[in-house]
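Working notes, structure below.
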RNA sequence: CGGGGUGUGGCGCAGCCCGGUAGCGCGCUUGCUUUGGGAGCAAGAUGUCGAGAGUUCGAAUCCCUCCACCCCGACCA
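Structure representation (structure tokens):
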């Protein structure tokens, strides 16, 4: 490929509406151009990258025995009514009517369509299992499209659906897909991690998300460096460190066993730790203007872990009239709204007037002492002694507070916080680390949800009608391009892994137009590499050296060869990898071999 | 949908508060010079100032309405 025949249009400055690096660089390098909010044109350069990702995914899916097909982007709305998913999907579904006023949707996913196909085509257990997939443009009317191609409304996705005669066979295929996805992301040259995901609303037993690791990722991931454990922080269970668990809180006489949420087993019995002999008394101290735990801890000269944070919520019920709920978290911990929602149901944060009504104090100084009403205590708080909390009096906090003496032992103890760095790993194999990721793949055991709703059945060996077990497996093709750039970039531009770079090698000749020997050497190398099956770009534009270098570094081509009279005198060409600081002189005759080696 | 912000040549911005007929940098065109890290000089082209209505002798600037886009919260590959 020659640059003079290609379309290259780079920008020095990024449009101001591009927020994150990958979006800015994709715009600057001329990979994409915006048409409307969340809708982008893939320019020739960007398309090359997209196709490379797509092809790797396709090769590995085929290799795993899945069959490619192509379903319609436009689907009749009746199918969504039949599956019962129409109302749930809501405004994200782009709906439209044809000239006969019949309702259609532009498919955001294809469970309904594929199930419809399979229910018509597959009759017998002899035709199972089957795995169909497609690589197709999807449309989801996102609430807030942003980050360019990473969260667009229109996007390219690989979606696959498998059908089985038994749950065991579905699990087998799920494992195959887990391994296939691992191969795909490895081949793409990305740093990634498979994390356990919520099976939530759809139900089902198994689900993993595949995340490309990048500091700018939208999802926080908790993982254990010493084991395979990895989960979205929304899901990662916060368990007590052994040291914390050993600390028991004092109990006053007559307190019985507590109700436990989520299978809690914290021993409520203290050994010789009674308030009377070893605990200081509760004291009310003035903390003017110190509304945050951080400020209070600093003001009192105590560690943040000794403070308790109170969060006031109102439950939300369809009937109206919510209930006031007080949540207790350790000062250094953050509320996990999903976990809290599982304990108390739907909620919203309480308004200031509601807080004052319930506790007699403004937020910042509220606490559980003297509070009557629903209280949910985080596991970590339940084992605290002599802690600090608000006094329900503006400008005052309480120190030396203990359960069982200053307030009742909590009725409800639950895991309602986000895990933090160095929490024990839930699998018991070390400590958790946190990182950020971009979700680029998701595998899911759907089970019979859609098959049941759409009556997708088969006849088993005994001639009996059975509902099929289903799995579904998605990969965000266009999002991967953004994610790869998010993971690989520097001040000069994109750093693509060779597997998905628009070109593997770029030849930059010095004075191509006028220097006969340069032109001959550049052409020869170009042809040789092209014949060897390498994606090579020869920059034969009549540009100055500096702007050619800058262009290709911005675009992110991983390997560069400079052909100049200077080196040619000694029979040398200059090689430089995108991340190298210096270039290397290589004999003209051995350059192609050198590159084949470098590309791998 | 709620809260905040921005719309001025292709891109990045100034001008707006305090109305007087639009400017800068990059890019683009032509010529000459230059040619190993986004060249220099010279000459040029490109704007219904987001749209509509209003105030005014006069509106990019003030008022109203609408639209688009962006940012902060609820979604997902």
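Residue numbers (the numbering used here): 1 to 600. Cβ atoms here follow ideal geometry from the backbone N, Cα and C, with glycine treated the same way.
Does DSSP put residue 509 in a helix, in a strand, or in coil?
Here the question's residue 509 lines up with position 509 in the first chain. In the structure shown, residue 509 sits in a strand (DSSP, three-state: E or B).
Buried/exposed call for residue 339, threshold 16 Cβ in 10 Å
Counting from 1 along the first chain, the entry for residue 339 is found at position 339. That one is buried.
State yes or no: is the C-beta of residue 105 within less than 8 Å of the C-beta of residue 75?
To locate residue 105, count along the first chain from 1; it is residue 105. To locate residue 75, count along the first chain from 1; it is residue 75. Going by C-beta atoms, residue 105 is nearer than 8 Å to residue 75.
How many angstroms separate the CA atom of residue 305 from the CA atom of residue 438?
The residue labelled residue 305 in the question sits at position 305 within the first chain. The residue labelled residue 438 in the question sits at position 438 within the first chain. Each residue's alpha carbon lies about 31 Å from the other.
How long is the line joining the alpha carbons of residue 24 and residue 433, rounded to whole angstroms?
Stepping through the first chain from its first residue, residue 24 is reached at position 24. Stepping through the first chain from its first residue, residue 433 is reached at position 433. The alpha-carbon atoms of residue 24 and residue 433 are separated by roughly 30 Å.
Whole-angstrom C-beta distance between residue 596 and residue 124, which should lie under 8 Å:
Sequence index remark: in the first chain, residue 124 carries index 124 (1-based). Sequence index remark: in the first chain, residue 596 carries index 596 (1-based). Between residue 596 and residue 124 the Cβ distance is about 50 Å, and since that is not below 8 Å, they are no contact.
Going by CA-CA distance only, name the one from 396, 414, 119 and 440 that's closest to residue 188.
Position 188 of the first chain, counted from the start, is the residue given in the question as residue 188. When each option's Cα is compared against that of residue 188, the closest is 440.
Just tell me which of 576, 49 and 169 has its CA closest to the CA of residue 499.
On the first chain, position 499 is the one that residue 499 refers to. Checked all of 576, 49 and 169; the closest Cα to residue 499 is 49.
Rounded to whole angstroms, what's the CA-CA distance from residue 267 to residue 239? Just pull it up for me.
Along the first chain, one-based indexing puts residue 267 at 267. Along the first chain, one-based indexing puts residue 239 at 239. Unreliable placement is indicated for residue 267, whose pLDDT of 39 sits below 50; no coordinate value is reported for it.
Residue burial classification, residue 211 (beta-carbon count within 10 angstroms, cutoff 16):
Within the first chain, the letter at position 211 stands for residue 211. Counting Cβ neighbours within 10 Å, residue 211 comes out buried, since at least 16 surround it.
Per DSSP, what kind of secondary structure is residue 297 in: helix, strand or coil?
Mapped onto the first chain, residue 297 falls at position 297. Residue 297 falls in the helix class under three-state DSSP.
State the CB to CB distance for the pair residue 31 and residue 15, rounded to an integer number of angstroms; the pair is presumed to be in contact (CB under 8 Å).
Here residue 31 is taken as the residue at index 31 of the first chain, counted from 1. Here residue 15 is taken as the residue at index 15 of the first chain, counted from 1. Their Cβ separation, rounded to whole angstroms, is 13 Å, which puts residue 31 and residue 15 out of contact at 8 Å.
Selection from 97, 373, 163 and 134 that minimises the alpha carbon distance to residue 475
Translated into positions along the first chain, residue 475 becomes position 475. Residue 134 is the option with its Cα nearest to residue 475.
Where residue 15 sits in the DSSP three-state scheme
Along the first chain, one-based indexing puts residue 15 at 15. Residue 15 falls in the coil class under three-state DSSP.
For residue 346, does the count of other Cβ atoms within 10 angstroms reach 16, so buried, or fall short, so exposed?
Here the question's residue 346 lines up with position 346 in the first chain. Classification for residue 346: exposed.
My understanding is that residue 450 touches residue 112, with C-beta atoms under 8 Å, so please give their C-beta distance in whole angstroms.
By one-based count along the first chain, residue 450 stands at place 450. By one-based count along the first chain, residue 112 stands at place 112. Correct: roughly 7 Å between the Cβ atoms.
Check whether the region 344–358 and the region 419–432 are in contact - that is, three or more C-beta pairs closer than 8 Å.
no
Rounded to whole angstroms, what is the Cα-Cα separation between residue 573 and residue 562?
Counted from its first residue, the first chain places residue 573 at position 573. Counted from its first residue, the first chain places residue 562 at position 562. Using only the alpha carbons, I get a separation of about 6 Å.
Complete runs of the beta strand (DSSP E) confined to the region 534–566 [at least 3 residues]
If only complete runs of 3 or more residues are kept, the region 534–566 shows the beta strand (DSSP E) at 536–538 and 559–563, in order along the chain.
Alpha helix (DSSP H) segments (min. 4 residues) lying fully within the region 456–522:
477–487
In angstroms with no decimal places, state the Cα-to-Cα distance between residue 537 and residue 547.
Mapped onto the first chain, residue 537 falls at position 537. Mapped onto the first chain, residue 547 falls at position 547. Distance between the alpha carbons of residue 537 and residue 547: 16 Å.
State the Cα-Cα distance for the pair residue 352 and residue 421, rounded to the nearest angstrom.
Within the first chain, the letter at position 352 stands for residue 352. Within the first chain, the letter at position 421 stands for residue 421. Distance between the alpha carbons of residue 352 and residue 421: 32 Å.
Three-state secondary structure (DSSP) at residue 424?
Along the first chain, one-based indexing puts residue 424 at 424. In this structure, residue 424 counts as strand in the three-state DSSP scheme.
Buried or exposed: residue 581, going by 16 or more other Cβ atoms within 10 Å of its Cβ?
On the first chain, position 581 is the one that residue 581 refers to. With fewer than 16 other Cβ atoms within 10 Å, it is exposed.
By a C-beta neighbour count over all protein chains shown, 10 Å radius and 16 as the cutoff for buried, is residue 100 buried or exposed?
In the first chain, the residue the question calls residue 100 occupies position 100. It counts as exposed.
Output the boundary residues of the beta strand (DSSP E) element that contains residue 180.
Within the first chain, the letter at position 180 stands for residue 180. Counting along the chain, residue 180 falls outside any beta strand (DSSP E), though it belongs to the alpha helix (DSSP H) covering 167–187.
Return the Cβ separation of residue 235 and residue 196 in integer angstroms, given the expectation that the two are a contact with Cβ distance under 8 Å.
Along the first chain, read from residue 1 onward, the residue named residue 235 stands at position 235. Along the first chain, read from residue 1 onward, the residue named residue 196 stands at position 196. Confirmed, Cβ separation roughly 7 Å.
Excluding the five sequence neighbours on either side, which residues of its own chain have a C-beta within less than 6 Å of the C-beta of residue 442, listed in chain order?
As a working mapping, residue 442 is identified with position 442 in the first chain. Contacts found: 209 and 474.
Can you grab the Cα-Cα spacing for the pair residue 299 / residue 287, in whole Å?
The residue you call residue 299 lines up with position 299 of the first chain. The residue you call residue 287 lines up with position 287 of the first chain. For residue 299 and residue 287, the distance between alpha carbons rounds to 8 Å.
From what residue to what residue does the alpha helix (DSSP H) around residue 353 run?
Start at 1 with the first residue of the first chain, and residue 353 comes out as number 353. Its alpha helix (DSSP H) spans residues 352–359.
Ignore the nearest five residues each way along the sequence and tell me which others in residue 296's own chain have a CB closer than 7 Å to its CB.
Residue mapping note: residue 296 aligns to position 296 of the first chain, counting from 1. So the qualifying residues of the chain are 287, 290, 307, 388 and 397.
Test item: CB-CB of residue 336 and residue 221 under 8 Å
In the first chain, residue 336 corresponds to position 336, counting from 1. In the first chain, residue 221 corresponds to position 221, counting from 1. Not in contact: residue 336 and residue 221 (Cβ atoms no closer than 8 Å).
Boundaries of the beta strand (DSSP E) in which residue 401 is found, first to last residue:
For the purposes of this step, residue 401 is identified with residue 401 of the first chain, where counting begins at 1. Looking at the DSSP string, the run of the beta strand (DSSP E) that includes residue 401 is 396–401.
Pick out whichever of 379, 165, 90 and 560 has its Cα sitting closest to the Cα of residue 126.
Walking along the first chain from the start, residue 126 turns up at place 126. When only C-alpha atoms are compared, the closest one is 165.
Can you have a look at residue 257 and say buried or exposed, based on whether 16 or more other CB atoms are within 10 angstroms of its CB?
For this step, residue 257 is matched to residue 257 along the first chain. Reliability of the predicted coordinates at residue 257 is poor, the pLDDT of 35 falling under 50, and the value obtained from them is presented with this limitation in mind. Exposed is the call here.
Classification of residue 455 by the beta-carbon crowding that lies within 10 angstroms, buried from 16 upward
As a working note, residue 455 is residue 455 in the first chain. Residue 455 is exposed by the Cβ-count criterion.
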